[in-house]
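To keep things clear, I will list the structure first and then write my remarks on it.
There are 2 protein chains.
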Amino acid sequence: MSALDGLEVRRTTTAQQLADGLADRIMAGAFGPGDRLRESAIAAELGVARNTIREAVRILELTGLVRYEVNRGAVVIAPTPENVEALYTARERLETAAAVRTPRPEQLQAINTAFDDLVEAAKTGDPKQIVDRDLAFHQAIVTTLDSSRLDDFYAAMTKELRFYLTVLSKDDTPDEIVAEHRVIVDAIRAGDRDRAVAEISAHIDTSVQRLKQLLADDR
Amino acid sequence: MSALDGLEVRRTTTAQQLADGLADRIMAGAFGPGDRLRESAIAAELGVARNTIREAVRILELTGLVRYEVNRGAVVIAPTPENVEALYTARERLETAAAVRTPRPEQLQAINTAFDDLVEAAKTGDPKQIVDRDLAFHQAIVTTLDSSRLDDFYAAMTKELRFYLTVLSKDDTPDEIVAEHRVIVDAIRAGDRDRAVAEISAHIDTSVQRLKQLLADDR
DNA sequence: TACAGTTGAACTGTACTACAGTTTGGTTCA
DNA sequence: TGAACCAAACTGTAGTACAGTTCAACTGTA
Numbered sequence: 002m003s004a005l006d007g008l009e010v011r012r013t014t015t016a017q018q019l020a021d022g023l024a025d026r027i028m029a030g031a032f033g034p035g036d037r038l039r040e041s042a043i044a045a046e047l048g049v050a051r052n053t054i055r056e057a058v059r060i061l062e063l064t065g066l067v068r069y070e071v072n073r074g075a076v077v078i079a080p081t082p083e084n085v086e087a088l089y090t091a092r093e094r095l096e097t098a099a100a101v102r103t104p105r106p107e108q109l110q111a112i113n114t115a116f117d118d119l120v121e122a123a124k125t126g127d128p129k130q131i132v133d134r135d136l137a138f139h140q141a142i143v144t145t146l147d148s149s150r151l152d153d154f155y156a157a158m159t160k161e162l163r164f165y166l167t168v169l170s171k172d173d174t175p176d177e178i179v180a181e182h183r184v185i186v187d188a189i190r191a192g193d194r195d196r197a198v199a200e201i202s203a204h205i206d207t208s209v210q211r212l213k214q215l216l217a218d219d220r
Numbered sequence: 002m003s004a005l006d007g008l009e010v011r012r013t014t015t016a017q018q019l020a021d022g023l024a025d026r027i028m029a030g031a032f033g034p035g036d037r038l039r040e041s042a043i044a045a046e047l048g049v050a051r052n053t054i055r056e057a058v059r060i061l062e063l064t065g066l067v068r069y070e071v072n073r074g075a076v077v078i079a080p081t082p083e084n085v086e087a088l089y090t091a092r093e094r095l096e097t098a099a100a101v102r103t104p105r106p107e108q109l110q111a112i113n114t115a116f117d118d119l120v121e122a123a124k125t126g127d128p129k130q131i132v133d134r135d136l137a138f139h140q141a142i143v144t145t146l147d148s149s150r151l152d153d154f155y156a157a158m159t160k161e162l163r164f165y166l167t168v169l170s171k172d173d174t175p176d177e178i179v180a181e182h183r184v185i186v187d188a189i190r191a192g193d194r195d196r197a198v199a200e201i202s203a204h205i206d207t208s209v210q211r212l213k214q215l216l217a218d219d220r
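These protein sequence lines are chains A and B, in that order.
So the first sequence is residues 2 to 220, counted in the working numbering.
So the second sequence is residues 2 to 220, counted in the working numbering.
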């Protein structure tokens, strides 16, 4: 522990900070799906040049939260049934692939902890926290794949998914959610891979159905 | 089939075209790993404004071929041992996950065709084509996962990998490569998933070793 | 009343200029 | 030989300008 520990020069650009900030705002629902990010308006409001905003939004594009349309600029992504379907299919493939592997002790530990956190969150009933813990639990499962690149890819999808859940203000029933996850954890703990895979598939399947229902109601 | 099929207005921006062009040049080796993309120089040479180049490079960043460093701009990615390792680990996970699934007839057909194409290429001995077909074959395997998002993710990794192979000017021994892939195809055709998984793992393992050897020699 | 056509404001895509701060490679000096 | 310094090159950001596109409101017509 050096005396200079934690001391660090600001090693980031304005555009990067703006991108981070914008991502937060979008996740918080300040911009809805399909909304355009108007460069001039944002630039004026934040007191930066338009090209800086433009660059920030390009960086934002890396996270998948917005996509560019020619002559319309950046548009916030929208949870269409196809998007949701594709997202969950990819999740299912990765998580089941992870479930057939034998987790190392610390990985199993991480899964257990993530589950406990989820149970904890369910008790409080705070929807935002439940969603966070829910997603973190699944990320922990994917970690069993031992691939940093897949971890990153999954994390990006998680970001997108969390946004969808935010805008659809998912009505969760805490007990049910905990129960669904508990069977997964039990199967993993028991080392019963086939059952783990089956439970994960089932869980993701019901999740996607629930989400698509929300989508339909929303319309 | 409409009478207007294929008719389309040019729906792209200058920056997008520049990004595509730059990607081609990088893949072709015009810029080596670690090289900086100097905005002013490129802008002057191509007769466009610097901010347009800047935007093009940001778009290019989406493909993973370059990354930004503060105050140094865009830098072409380099095949470090860690990068290569991570890339191949992710490939291994995805391809083996695909191999445990039962391909639909048209997917099996696509794999067969991809393999035949590879054999064909091996006969010509053209290294560039062999690499192309090799990667296309593996992409065909991943398609069995039935996930467009994973297909896209894998394609992005393929792009990166092809670049690494390009700069390391892989010395391939055609017959060996065909043999390695043939055992995979045989296992898939036979429906022997365990063997398919094992062969894929072995193949990827030898590939990564070979590549890391090239890397070491290169130094 | 419904609908095609027109118009204008708002906005994007691109260019150009400018400048402070950082990086880099070379050169001088101890 | 190595540290200190310096100037050139380059990035990050600001600001202005303008052509082309989009979009919604307005107008005229059947």
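A virtual CB, placed ideally from N, CA and C, is assigned to each residue, including glycine.
Please read all numbers here as calculations on a predicted model, not as lab measurements.
Does the beta carbon of Ser-208/B sit closer than 8 angstroms to a beta carbon anywhere in chain A?
No, Ser-208/B lies away from the interface with chain A (no Cβ there is under 8 angstroms from its Cβ).
How is Arg-105/B classed by DSSP in three states: helix, strand or coil?
coil
From what residue to what residue does the alpha helix (DSSP H) around Val-71/B run?
From DSSP, Val-71/B is part of no alpha helix (DSSP H); its letter is neither H nor E.
Check the C-beta distance from Ala-42/B over to Ala-50/B and give it rounded, since I have them as a contact under 8 angstroms.
About 13 angstroms separates the Cβ atoms of Ala-42/B and Ala-50/B, ruling out a contact at the 8 angstroms cut-off.
Spatial neighbours of Ile-78/A within its chain, please: C-beta separation below 8 angstroms, excluding the five flanking residues on both sides.
Pro-34, Gly-65, Leu-66, Val-67, Arg-68, Asn-84, Glu-161, Phe-164
Buried or exposed by the 16-neighbour rule on C-beta atoms within 10 Å, applied to Met-2/B:
For Met-2/B, the predicted model reports a pLDDT of 48, less than 50, meaning its position is unreliable; a value from the coordinates is still stated below. With fewer than 16 Cβ atoms within 10 Å of its Cβ, Met-2/B is classed as exposed.
According to DSSP, which residues form a beta bridge with Val-49/A?
Bridge partners of Val-49/A: none, in fact.
Counting only Cβ-Cβ distances shorter than 8 angstroms, please list the residues of the segment 140-169 of chain B near chain A, keeping chain order.
Leu-146, Asp-147, Ser-148, Ser-149, Arg-150, Leu-151, Phe-154, Met-158
If you drop the 5 nearest sequence neighbours on each side, which residues of the same chain put their C-beta closer than 8 angstroms to that of Leu-136/B?
Contacts found: Thr-159, Leu-162, Arg-163.
Does the beta carbon of Arg-51/B come closer than 8 angstroms to any beta carbon on chain A?
no
Using a C-beta to C-beta distance shorter than 9 angstroms, which residues of chain A count as neighbours of Ile-60/B?
Arg-59, Glu-62, Tyr-69
Which value, in whole angstroms, describes the spacing of the CA atoms of Arg-39/B and Thr-53/B?
13 angstroms
In terms of alpha-carbon separation, which member of Arg-37/A, Arg-92/A, Phe-154/A, Arg-55/A lies closest to Leu-19/A?
Arg-55/A
Would the beta-carbon of Val-132/A fall within 8 angstroms of that of Leu-166/A?
Yes, the Cβ-Cβ distance between Val-132/A and Leu-166/A is below 8 angstroms.
Is the Cβ of Leu-109/A closer than 8 angstroms to any Cβ of chain B?
Answer no: the Cβ-Cβ gap between Leu-109/A and chain B never drops below 8 angstroms.
Quick test of your reading: Arg-1/A and Ala-100/A, contact by CB under 8 angstroms. State the CB separation rounded to the nearest angstrom.
In the structure as shown, chain A begins at 2 and stops at 220. Residue 1/A is therefore absent and cannot be evaluated.
Could you name the residues of the segment 90-104 of chain B whose beta carbon sits closer than 7 angstroms to any beta carbon of chain A, in the order they occur along the chain?
Thr-90, Ala-91, Arg-94, Ala-98
In three-state DSSP terms, what is Leu-38/A?
When secondary structure is reduced to three states using DSSP, Leu-38/A falls in the strand class.
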